[in-house]
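Residue numbers (the working numbering), protein chains in the order written: chain A, 54 to 210; chain B, 167 to 342.
Glycine included, every Cβ here is placed at the ideal spot set by N, Cα and C.
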Amino acid sequence: MKLFQIIVLLALSLNCFAAVEYKKFANPEQEEAYKILIDELRCLVCQNQTIADSNAELAQDLRRQVYEMLQQGKSKDEIAEFMTQRYGDFVLYNPPFKAKTGLLWIGPIVFLVIGLVMLFLFSRKKKLADRGDVSDAELMEKEQQKAKVRALLREGE
Amino acid sequence: MLKYLTPLALFTVMAVFLALGLNLNPRDIPSPLIDQPAPNFSLPVLSNASQTLNKDKMLGEVWLLNVWASWCVSCRSEHPVFNQLARKKLVKIVGLNYKDEPTAAKQWLAQLGNPYNVSMMDQEGRTGIDYGVYGVPETFVVDKKGIIRYKHTGPVSWQDVEKILIPLINQLKAEV
Numbered sequence: 054m055k056l057f058q059i060i061v062l063l064a065l066s067l068n069c070f071a072a073v074e075y076k077k078f079a080n081p082e083q084e085e086a087y088k089i090l091i092d093e094l095r096c097l098v099c100q101n102q103t104i105a106d107s108n109a110e111l112a113q114d115l116r117r118q119v120y121e122m123l124q125q126g127k128s129k130d131e132i133a134e135f136m137t138q139r140y141g142d143f144v145l146y147n148p149p150f151k152a153k154t155g156l157l158w159i160g161p162i163v164f165l166v167i168g169l170v171m172l173f174l175f176s177r178k179k180k181l182a183d184r185g186d187v188s189d190a191e192l193m194e195k196e197q198q199k200a201k202v203r204a205l206l207r208e209g210e
Numbered sequence: 167m168l169k170y171l172t173p174l175a176l177f178t179v180m181a182v183f184l185a186l187g188l189n190l191n192p193r194d195i196p197s198p199l200i201d202q203p204a205p206n207f208s209l210p211v212l213s214n215a216s217q218t219l220n221k222d223k224m225l226g227e228v229w230l231l232n233v234w235a236s237w238c239v240s241c242r243s244e245h246p247v248f249n250q251l252a253r254k255k256l257v258k259i260v261g262l263n264y265k266d267e268p269t270a271a272k273q274w275l276a277q278l279g280n281p282y283n284v285s286m287m288d289q290e291g292r293t294g295i296d297y298g299v300y301g302v303p304e305t306f307v308v309d310k311k312g313i314i315r316y317k318h319t320g321p322v323s324w325q326d327v328e329k330i331l332i333p334l335i336n337q338l339k340a341e342v
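What follows is the structure, encoded as structure tokens:
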């Protein structure tokens, strides 16, 4: 009985009333272009969502804009250009590579290279140490530490 | 010595980056419209819907475009600042009443004061899209040739007016 109640309540939850936007397209290519575009454009109000994900008013307006421009026969590139002229490269989830966005594109590769170099240097150092290629000074230091530990242990007994 | 300095240096670099990140405002998106001609518009005037206003009417003057709406909470906090600026009679302030109900908008102005020389209605938000509006309130400074010279996203404070807007307006007014 309880299960039944839960199911009824879930069925009545607000999600079921969420509006579905119905749009008519002239051909499947246009529909495909629409889907790709709204998935690539950022909603500037809720910045980590695309305009396909977001239900903010601005996202609705931008979807309408994309739809209308497709109806007018505009190409995907033209629409992306239209949005960039108004909102900047930030509006694209897949921004073009230029001086301003260079760090964005190259940054991860630079960090990967730094990480690999560090890994290589550290592992080589460790290998050398394991093989016993340590300097006299370091050996001396280690011996001194060992002596200290022994002395402490003796005190504790 | 290096053993202790390396982590300290790494920590300092990270701290600087994180501090910068904390102080930057992710909502402050640089507008590509700066130094570009202000997009054209032709919209009905709020006080008299049979009249329309377009951009060319403002040519030859320095003017502010303030995007506002009666549903916008930060516009309410910004409003006294514009009232005060309007009293100085330094510059024409044009309101873009963005996606609003005309009756609600008129009531809002009657209640809080009207700093705008004129407000126009953008009920569908199309002029908003042309100006790259994404968070109301937004304020644009347009020069005599109709070029956008500055954009402020979010509520303008009196400090912003004194430190940024007034000097900029005076500078633009001096331009031919």
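Exercise for the section: Find out if the Cβ-Cβ distance for the pair Tyr300(B), Leu157(A) is shorter than 8 Å. Expected result: The Cβ atoms of Tyr300(B) and Leu157(A) do not sit closer than 8 Å to each other.
Problem - Under 8 Å from the C-beta of Val98(A): neighbouring residues of chain B - result: Simply Tyr300, Gly301.
Handout entry: Alpha carbon of Gln83(A) to alpha carbon of Leu123(A), nearest angstrom
Key = About 7 Å.
Exercise for the section: Could you tell me whether any non-hydrogen atom of the ligand GTP is closer than 7 Å to the CB of Ile332(B)? Expected result: By its list of ligands, the structure shown contains no ligand whatsoever, and the ligand GTP lies outside what it can speak to.
Handout entry: Inter-residue Cα distance where the pair is Ile159(A) and Val302(B)
Key = Going by C-alpha positions, Ile159(A) is about 34 Å away from Val302(B).
Practice task
Look up Val307(B) in the DSSP assignment and say whether it is helix, strand or coil.
Solution key: Looking at Val307(B) - three-state DSSP - the assignment turns out to be strand.
Problem - Three-pair Cβ contact test at 8 Å for the region 290-299 of chain B versus the region 219-227 of chain B - result: Short answer: they don't touch.
Practice task
In the DSSP assignment, find the unbroken alpha helix (DSSP H) run with Arg177(A) in it and report its ends.
Solution key: Segment 155-184, the alpha helix (DSSP H) holding Arg177(A).
Problem - Distance, Asn191(B) Cα to Gln100(A) Cα - result: Going from the Cα of Gln100(A) to the Cα of Asn191(B) covers about 12 Å.
Exercise for the section: Could you check what DSSP says for Lys55(A) in three-state terms: helix, strand or coil? Expected result: DSSP places Lys55(A) in helix when its eight states are reduced to three.
Problem - Nearest-angstrom beta carbon gap, Leu94(A) and Met136(A) [assumed within contact, 8 Å] - result: Between Leu94(A) and Met136(A) the Cβ distance is about 6 Å, and since that is below 8 Å, they are a contact.
Practice task
Please confirm if Leu291(B) has its CB atom under 8 Å from at least one CB of chain A.
Solution key: Correcting the residue type first, residue 291(B) is Gly in the shown sequence and not Leu. Output row for Gly291(B): interface = yes.
Exercise for the section: Taking Gln118(A) as the query, report the chain B residues whose CB atoms sit under 9 Å from its CB, ordered along the chain. Expected result: Going along chain B in sequence order, the residues near Gln118(A) (Cβ under 9 Å) are Arg292, Ile295.
Exercise for the section: State the start and end residues of the unbroken beta strand (DSSP E) segment that holds Ser208(B). Expected result: Per DSSP, the unbroken beta strand (DSSP E) holding Ser208(B) starts and ends at 208-210.
Practice task
Could you please give me the residues that DSSP links to Asn263(B) through a beta bridge?
Solution key: Asn263(B) is bridged to Trp234(B), Met287(B).
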